[in-house]
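Colleague: Okay, handing you the structure first.
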Amino acid sequence: MFARSVTLEEVKEAITNGEIIKSYPEDIPYPSFLLLKIVDEKVLHVVVAKNPGDDSCILITVYEPDEKIWSDDFKSKR
Numbered sequence: 008m009f010a011r012s013v014t015l016e017e018v019k020e021a022i023t024n025g026e027i028i029k030s031y032p033e034d035i036p037y038p039s040f041l042l043l044k045i046v047d048e049k050v051l052h053v054v055v056a057k058n059p060g061d062d063s064c065i066l067i068t069v070y071e072p073d074e075k076i077w078s079d080d081f082k083s084k085r
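Our numbering applies: residue 8 is where the sequence shown begins, and numbers increase by one.
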């Protein structure tokens with residue numbers, strides 16, 4: 008996260024207010040999902056797993072999606 012110049016505040020904003028663009032219900036050990044959020048003009052993808060037992064979230068990864076790989080709205084791959 009920090010190696011990619013993404014702040015903790017940006018990640019919190021993405022988790023709290025991001026749009027779920029892909030779900031991975033079969034992921035192990037917990038279901039996960041891909042969030043999209045634009046924070047201060049920075050496009051972020053955040054992958055979070057959710058523990059259904061206690062409703063906690065585990066941050067898997069966060070990155071700025073590559074425009075060459077993702078569609079113009081960053082919701083699907085080209």
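Idealized CB from N, CA, C, for every residue including glycine.
What is the DSSP secondary structure of residue 22, counted as helix, strand or coil?
Modeller: In the structure shown, residue 22 sits in a helix (DSSP, three-state: H, G or I).
Colleague: Given a cut-off of 9 Å on the beta-carbon distance, is the pair residue 50 and residue 20 in contact?
Modeller: No, they are not a contact pair.
Colleague: Would you call the CB atoms of residue 43 and residue 75 closer than 9 Å?
Modeller: In this structure, residue 75 does not lie closer than 9 Å to residue 43 by Cβ.
Colleague: Under the rule that 16 or more other beta-carbon atoms within 10 Å means buried, what is residue 15, buried or exposed?
Modeller: It counts as exposed.
Colleague: Between the alpha carbons of residue 57 and residue 64, how many angstroms are there, rounded?
Modeller: Taking the straight line joining both Cα atoms gives about 5 Å.
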